[in-house]
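Trainee:
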Amino acid sequence: MNLLEHYVTLYKELNAGKREQDISVKIQAISQFLYCSVRNSQFIIKRLEEEQWIYWIPGRGRGRASTIRFLVAPEWLILNQAKSFVKAGHYEDAISHIHLFTTEFPSLLEQFNLWFTGLFGFHQEQTDERMQDVLRLRLNKLPIAPLEPINLTLRSETHIVRHVCDTLVRYNPKSRKMEPHLAFYWETEDNKLWHFYLRKGIYFHNGQLLTARDVQYTFNRAIANRKGAAHWMMETIDTIIVRDEYTVEFGLSLSNPFFLDLLADEHLSILSSKTNELSIDNQLIGTGPYQLIENQKDRLILEVFDRYFQTRPFLDRIEYWFVENVQDEALSVPTPKDIWQGVFPDEKLSRQQLRLLEWNVQYLSLNLHKKGPFQDPDFRQWFLSILDPNQIINDLKGDRDSAAFGFLPRKSSRPHSERENKGHFKLDIAKGQELLLYTFNDQDHIEDAGWLVQRAAHYGLTINPVFLNDEELLRPEKIQEADLIHDSATISDQIEMSFLQFLFANNSFLWNHMPSLIKNKLKQKRLQFYQVSSLQERENLLEEMEKLIMDHHMVKPLYRNRVTIDTDQQVQNVTLDRQGWIDLRTIWFKKPN
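Numbering of the sequence shown is given in our numbering, commencing with residue 119 and proceeding in unit increments.
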């Protein structure tokens, strides 16, 4: 037993319901209560005195009773220890700790839950130096460490990197144009040779000043990382030359007017050349408005970067917490919706509601590398035809909103022609086989998988769902084990870039399931895409790419979600991107009068 457990045992055994009263007890009795020797009991008593939990007067003479007075309520000590665990990022340890004492103190769960729930939302907290504006949010999942821009996969990872790092240029979704950012000016004559002129006086979070060497370092590093999720973006770059301290030149292998769009993507965020490669797994040094302070299993913390070269954010500190496997009904965990509603819980305030249809698309990818029924194109076509997006929306409801018949947003309501009956004659291909469906272990994926299993069973097919965490499912061997993978395709405000990333990322499920013939055709269209400047021509090429994968019956778009967030009107400047994320660089909180 630890010291606190010893204290609770003595408190219970000596019937100390009333604190700060003297109780007579012999040291031998204490030894029996604690199941230890007299000597150890004396040592424990001494430690309890040092902690100022008890007042102790030893008995004079052999066999004489001593006097003990309990000074602290054990519930307070138990809760205080649980709070310490939580503040250190060890939520599960806190819950285990609470459970040790719930028999003696049944109200502990409720007390802990009230305190824990109150942690989230907006708070003004005093530090040693100043009052800080702090926002704590719960995420369904935290980014996979390390946060390496070139390897970004999860939307949560991209969201964090967007707050920590900057790119040379930035896409403005309102004007739909590229704007200066780390580079204040650029020029090109033939879209093949590009010069970028960097702003002066920009600091990295490690105190280093940004120069052209950092840009060169970032891109050389990305080029060398051939397994990086966004390595395909590097294919037209031939040379990266530092012309002077604040000028960098890119030489491309072909004319590429789309080059600026590539540079605006978070995967190509500029990193410090002073980054210690041996510790890159544990740090992310950018120039953004927030710096990464902590990235652990249960918690990620950002703190404002006061030397940021643009407008300083309002929030001083942002904490993202990941809490899972809550079994006790008494231990409710606030959702992001609850958090925004409870920013000022003591005030009666009017509400405002934000509603947005995500452009992200839930989909199924069929593994055409694996031996099995999906090798037959007629069977694939029939199988995908029995999966009605409108039916899954009607059956499961929730945030599922609109059937998706493609991945490009403008095609969300235009169904592709499908013939259901053709594959009925091919059912014997899958007879006696079990199709492995891999997906993430999030609740919505679990629900979708259950629907898919039942739908397939209705037609005599057996699907076995396997639920994995992010790190497991992204392993190449796991991607190839699956017959099908259920995932969400990220389609951002930069529609063209995000769709290309969905197709070509090295860790894309679709790319890894795709036959070489289709890959080569898509690569050819990608090179054509780079070289056209007309928006209409680009749209046509994207549609051709989408048609190619759809006509090959290797992927099935299912639906898009609707995001609804209720907030206090005191939450100012709230904007949602097309992935349903709130921009925390611009948000601020107005305290009611």
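Quick reminder that beta carbons are idealized off the backbone N, C-alpha and C, glycines included.
Would you call the stretch 602-615 and the stretch 700-710 touching, i.e. three or more CB-CB distances under 8 Å?
Mentor: At 8 Å Cβ cutoff, the stretches do not touch.
Trainee: Counting Cβ pairs, one atom from each stretch, are 3 or more of them under 8 Å apart for the stretch 169-183 and the stretch 217-235?
Mentor: Segments in contact, no.
Trainee: Any idea what DSSP makes of Glu-421, helix, strand or coil?
Mentor: Note: Glu-421 maps to strand in three-state DSSP.
Trainee: Below 7 Å CB to CB, which residues in the same chain sit around Ile-581 once its five sequence neighbours on both sides are set aside?
Mentor: Here the set comprises Leu-553, Leu-555, Leu-570, Val-571, Ala-574.
Trainee: Leaving out five residues on either side along the sequence, give the residues of the same chain with a beta carbon under 7 Å from the beta carbon of Ser-390.
Mentor: Counting only Cβ-Cβ distances below 7 Å, and skipping sequence neighbours, we find Phe-322, Asn-324, Gln-326, Asp-332, Ile-403.
Trainee: Just the Cα atoms here: how many angstroms apart are Ala-521 and Leu-474?
Mentor: If you take the alpha carbons of Ala-521 and Leu-474, they lie about 15 Å apart.
Trainee: Does the stretch 367-383 come into contact with the stretch 302-313, if we say contact requires no fewer than three beta-carbon pairs (one atom in each stretch) closer than 8 Å?
Mentor: Cβ pair count under 8 Å is three or more, so yes.
Trainee: For Lys-641 and Leu-621, I'd like the C-alpha separation in whole angstroms.
Mentor: Rounded to the nearest angstrom, the two C-alpha atoms are 10 Å apart.
Trainee: Provide the residue(s) that pair with His-631 in DSSP beta bridges, ordered along the chain.
Mentor: Beta-bridge pairing links His-631 to no other residue.
Trainee: Which first and last residues belong to the alpha helix (DSSP H) in which Val-156 is found?
Mentor: First-last of the alpha helix (DSSP H) with Val-156: 156-168.
Trainee: Verify the CB distance criterion: does Arg-644 have a CB-CB separation below 8 Å to chain D?
Mentor: Considering every chain present, this structure includes no chain D. It has just one protein chain.
Trainee: Tell me the residue span of the beta strand (DSSP E) that contains Lys-205.
Mentor: Where Lys-205 is concerned, there is no enclosing beta strand (DSSP E), although the alpha helix (DSSP H) it sits in stretches over 192-205.
Trainee: Which of the three DSSP states is assigned to Ala-574 in this structure?
Mentor: Helix, per DSSP.
Trainee: If we count the other Cβ atoms within 10 Å of its Cβ and call it buried at 16 or more, is Met-249 buried or exposed?
Mentor: Under this definition Met-249 is an exposed residue.
Trainee: Are three or more beta carbon pairs between the stretch 263-282 and the stretch 231-244 nearer than 8 Å?
Mentor: Because the criterion of three Cβ pairs below 8 Å is not met, the stretch 263-282 and the stretch 231-244 do not touch.
Trainee: Put Trp-350 into one of helix, strand or coil per three-state DSSP.
Mentor: In this structure, Trp-350 counts as helix in the three-state DSSP scheme.
Trainee: Using the beta-carbon count (16 or more within 10 Å), is Ser-531 buried or exposed?
Mentor: Since pLDDT at Ser-531 reaches only 48, below the 50 mark, its modelled position is unreliable, and no value is offered.
Trainee: Drop a sphere of 10 angstroms on the beta-carbon of Trp-171, count the other beta-carbons inside from all chains shown, and report buried for 16 or more, exposed for fewer.
Mentor: Per the 10 Å Cβ criterion, buried.
Trainee: Identify every residue that forms a DSSP beta bridge with Ala-301.
Mentor: Paired residues: Leu-316.
Trainee: Rounded to whole angstroms, what is the Cα-Cα separation between Asp-566 and Glu-367?
Mentor: Going by the C-alpha atoms only, they are around 48 Å apart.
Trainee: For the pair the stretch 628-642 and the stretch 588-608, tell me if three or more CB-CB distances fall below 8 Å.
Mentor: With the cut-off at 8 Å, the stretch 628-642 and the stretch 588-608 touch.
Trainee: Going along the chain, which residues of its own chain have a beta-carbon closer than 8 Å to the beta-carbon of Leu-272, five neighbours each way excluded?
Mentor: So the qualifying residues of the chain are Lys-259, Pro-261, Ile-262, Asp-588.
Trainee: Could you name the residues of the same chain whose beta carbon sits closer than 7 Å to that of Asp-140, not counting the 5 residues immediately before and after it, in chain order?
Mentor: Taken in chain order, the residues that qualify are Thr-185, Arg-187.
Trainee: Take Tyr-129 and list the residues in its own chain whose beta-carbon comes closer than 8 Å to its own, dropping the five residues that flank it on each side.
Mentor: Excluding positions up to five away in sequence, the list reads Phe-188, Pro-192.
Trainee: Opposite Ala-607 in the DSSP bridges: which residues?
Mentor: DSSP lists Val-479 as partners of Ala-607.
Trainee: Taking C-alpha atoms, which residue in Arg-288, Leu-694, Phe-707 lies nearest to Pro-298?
Mentor: Out of Arg-288, Leu-694, Phe-707, Arg-288 has the C-alpha closest to the C-alpha of Pro-298.
Trainee: Starting from Thr-185, trace the beta strand (DSSP E) in both directions and tell me its first and last residue.
Mentor: From DSSP, the beta strand (DSSP E) with Thr-185 extends over 184-188.
Trainee: May I have a chain-ordered list of the alpha helix (DSSP H) segments no shorter than 4 residues that lie completely inside the stretch 625-680?
Mentor: Listed in chain order, the complete alpha helix (DSSP H) runs (minimum 4 residues) inside the stretch 625-680 are 627-631, 634-649, 653-669.
Trainee: From the DSSP output, in three-state form, read off Leu-621 for me.
Mentor: Leu-621 falls in the helix class under three-state DSSP.
Trainee: So which of Arg-678, Glu-275, Glu-247, Asp-494 has the shortest CA-CA distance to Leu-257?
Mentor: The candidate whose alpha carbon is nearest that of Leu-257 is Glu-275.
Trainee: Among Phe-523, Phe-617, Glu-664, Gln-619, which residue has its Cα nearest to the Cα of Leu-676?
Mentor: Here the closest residue by C-alpha is Phe-523.
Trainee: Using 8 Å as the threshold, is the C-beta distance between Gly-207 and Arg-430 below it?
Mentor: No.
Trainee: If we require 4 or more residues per run, which alpha helix (DSSP H) segments fall completely within the stretch 369-398?
Mentor: For the stretch 369-398, whole alpha helix (DSSP H) runs of length 4 or above, ordered along the chain, are 377-381.
Trainee: Given a threshold of 16 other Cβ atoms within 10 Å of its Cβ, counted over all protein chains shown, does Arg-696 qualify as buried or as exposed?
Mentor: So Arg-696 counts as buried.
Trainee: Let's test the definition: count the other Cβ atoms within 10 Å of the Cβ of Glu-363 and tell me whether it reaches 16, buried, or not, exposed.
Mentor: Glu-363 should be labelled exposed.
Trainee: How would you write the range of the alpha helix (DSSP H) that Val-126 sits in, first residue to last?
Mentor: Where Val-126 is concerned, the enclosing alpha helix (DSSP H) stretches over 121-131.
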